[in-house]
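Visitor: Numbering (our numbering), first residue to last: 5 to 227. The structure is given below, and queries will be raised subsequently.
Structure, rendered in structure tokens:
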């Protein structure tokens, strides 16, 4: 689904990322790579396949869009306990396949505690806000800002009505004229159910399609 935001055309991807075709740049937030490993160290049995699945998903997006640059909006590695040799090998193998990509990370709260990614991954790390020509890239949303911005951190989700009185939560993008809050890219991250604020439009994703919910504001160009 394409939207018009800050006079720029952006493509919302059902895989919980945004592609800026004009600048050949992909944005995503909160992959939390290695979260399963941190849970296992705490005695909770979680398979490592969650990280492999997320890297495979990222590979498909890179190949589908032909992007030349990825900007991670924080929380690249979940915790210091996540920095295992297994994770290092998985990320290194992925990076070797896409060595041509420029990679940038806006340090989030988890990055500040886990430390920057391994140097051989070739990721340029920045404190927030990191400014592009059109807007800022952040990890945490802020109430006071000088430029429009992208952010993550919240892991926003929206409760859709199902049959009867059932509700099903799905990841979503929160979009207003001055900010976009991204859903968490990682598959093992959880959701925080949000309610749209005035002037916001919600775009729900189930991983296969994007649904723009009715709103007084509309940013949709085409499905």
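Glycine included, each C-beta is placed from N, C-alpha and C at the ideal position.
If you reduce the DSSP assignment to three classes, tell me which class residue 98 lands in.
Guide: Position 94 of the chain shown holds residue 98. Reduced to three states, the DSSP call for residue 98 is helix.
Visitor: Taking the straight line between their C-alpha atoms, what separation do you get for residue 224 and residue 10?
Guide: The residue labelled residue 224 in the question sits at position 220 within the chain shown. The residue labelled residue 10 in the question sits at position 6 within the chain shown. For residue 224 and residue 10, the distance between alpha carbons rounds to 13 Å.
Visitor: Using the C-alpha atoms, what's the distance from residue 92 back to residue 99?
Guide: Here residue 99 refers to the residue found at position 95 of the chain shown. Here residue 92 refers to the residue found at position 88 of the chain shown. Their backbone Cα atoms lie some 10 Å apart in a straight line.
Visitor: Please determine if the stretch 59-69 and the stretch 106-122 are in contact, where contact requires at least 3 C-beta pairs separated by less than 8 Å.
Guide: no
Visitor: Can you give me the C-alpha to C-alpha distance between residue 130 and residue 147, rounded to a whole angstrom?
Guide: Counted from its first residue, the chain shown places residue 130 at position 126. Counted from its first residue, the chain shown places residue 147 at position 143. So the two alpha carbons sit approximately 21 Å from each other.
Visitor: What are the residues that DSSP puts in a beta bridge with residue 37?
Guide: Counted from its first residue, the chain shown places residue 37 at position 33. Note: residue 37 sits in a beta bridge opposite 81.
Visitor: Which of helix, strand or coil does DSSP assign to residue 128?
Guide: The residue you call residue 128 lines up with position 124 of the chain shown. Strand at residue 128.
Visitor: Exposed or buried, what is residue 213 when buried is set at 16 or more other beta-carbons lying within 10 Å of its beta-carbon?
Guide: If you number the chain shown from 1, residue 213 lands on position 209. In the assembly as shown, residue 213 is an exposed residue. Its beta-carbon has fewer than 16 other beta-carbons within 10 Å.
Visitor: From residue 128 to residue 81, what does the alpha carbon distance come to, in whole angstroms?
Guide: As a first step, residue 128 must be located in the chain shown, where it is residue number 124. As a first step, residue 81 must be located in the chain shown, where it is residue number 77. Whole-angstrom Cα-Cα distance: 14 Å.
Visitor: Can you list, in chain order, the residues of its chain whose CB lies under 8 Å from that of residue 139, leaving out five sequence neighbours each side?
Guide: Counted from its first residue, the chain shown places residue 139 at position 135. Listed in chain order, the non-local C-beta contacts of residue 139 below 8 Å within the same chain comprise 10, 151, 152, 153, 154, local neighbours out to five positions each way being set aside.
Visitor: Give me the Cα-Cα distance between residue 181 and residue 89, rounded to the nearest whole angstrom.
Guide: Taking the first residue of the chain shown as position 1, residue 181 is located at position 177. Taking the first residue of the chain shown as position 1, residue 89 is located at position 85. So the two alpha carbons sit approximately 42 Å from each other.
Visitor: Along the chain, where does the alpha helix (DSSP H) that runs through residue 117 open and close?
Guide: Locating residue 117 in the chain shown gives position 113, counting from the first residue. Note, residue 117: alpha helix (DSSP H), 113-118.
Visitor: Under DSSP, the beta strand (DSSP E) around residue 155 begins and ends at which residues?
Guide: Locating residue 155 in the chain shown gives position 151, where the first residue counts as 1. First-last of the beta strand (DSSP E) with residue 155: 153-155.
Visitor: DSSP on residue 146, reduced to helix/strand/coil?
Guide: The residue you call residue 146 lines up with position 142 of the chain shown. In the structure shown, residue 146 adopts coil according to DSSP, grouped into three states.
Visitor: Go ahead and label residue 171 buried or exposed: buried means 16 or more other beta carbons lie within 10 angstroms of its beta carbon, across all protein chains shown.
Guide: Residue 171 sits at position 167 when you count from the first residue of the chain shown. Under this definition residue 171 is an exposed residue.
Visitor: Per DSSP, what kind of secondary structure is residue 90 in: helix, strand or coil?
Guide: As a position in the chain shown, residue 90 is number 86, starting the count at 1. If DSSP states are grouped into helix, strand and coil, residue 90 belongs with the helices.
Visitor: So, is residue 218 buried or exposed, given that buried needs 16 or more other C-beta atoms within 10 angstroms?
Guide: Here residue 218 refers to the residue found at position 214 of the chain shown. Answer is exposed; the Cβ neighbour count stays below 16.
Visitor: Is residue 174 helix, strand or coil by DSSP?
Guide: If you number the chain shown from 1, residue 174 lands on position 170. DSSP places residue 174 in strand when its eight states are reduced to three.
Visitor: Just tell me which of 203, 176, 206 has its CA closest to the CA of residue 33.
Guide: Locating residue 33 in the chain shown gives position 29, counting from the first residue. If we check each option's Cα against that of residue 33, 176 comes out closest.
Visitor: On the premise that residue 79 lies in contact with residue 38, defined as a C-beta separation below 8 Å, what is that separation, rounded to the nearest angstrom?
Guide: Position 34 of the chain shown, counting from 1, holds the residue named residue 38. Position 75 of the chain shown, counting from 1, holds the residue named residue 79. Rounded, the Cβ-Cβ distance is 11 Å, inconsistent with contact.
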